[in-house]
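Step one of this worksheet: look at the structure below.
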Amino acid sequence: MSTKKTCRFIIHATGKNGETYLATCQNKREVKQWITANHSKVNKKELKIIDKQKKQIVAKNIFIVSTVLLVLYQLYILL
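Each residue of the sequence shown is one higher than the one before, starting from 1 at the first, in UniProt numbering.
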């Protein structure tokens with residue numbers, strides 16, 4: 001059985017000469033290392049770092065809130 005290596009952070013960046021960069025990192029230390037290694041090539045205004053864990057937390061919170069609202073609505077109808 002193989003283990004799947006996942007990434008937490010996705011870096012989208014545009015280079016100073018129009019290049020497009022895409023990188024994946026496991027943790028914040030790797031993100032900092034990538035930025036340090038590429039800071040001279042990357043346009044800082046076009047640097048985007050996506051934290052996939054935050055997206056998962058938001059999705060879970062939306063699901064929980066919608067479930068609670070549905071239960072409260074059903075209890076209100078029954079009363």
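Beta carbons: idealized from backbone N, C-alpha and C, even for Gly.
Could you please give the first and the last residue of the uninterrupted beta strand (DSSP E) stretch that includes Thr36?
No beta strand (DSSP E) contains Thr36, which is instead part of the alpha helix (DSSP H) from Lys28 to Asn38.
Beta-bridge partners of Ala13, as assigned by DSSP:
For Ala13, which the question treats as bridged, DSSP gives the partners Tyr21.
Starting from Lys48, follow the beta strand (DSSP E) in both directions and report where the run begins and ends.
Taken as a continuous stretch (DSSP letters only), the beta strand (DSSP E) holding Lys48 covers Lys48 to Asp51.
Span separating the alpha-carbon of Ala37 from that of His12
Their backbone Cα atoms lie some 15 Å apart in a straight line.
Let me confirm a value: Val68 is counted as buried when at least 16 other C-beta atoms fall within 10 Å, else exposed. Which label applies?
Under the 10 Å beta carbon count, Val68 is surrounded by fewer than 16 other beta carbons and is classified as exposed.
Could you tell me the distance, in whole angstroms, from the CA atom of Lys44 to the CA atom of Glu30?
Rounded to whole angstroms, Lys44 to Glu30 spans 17 Å at the Cα level.
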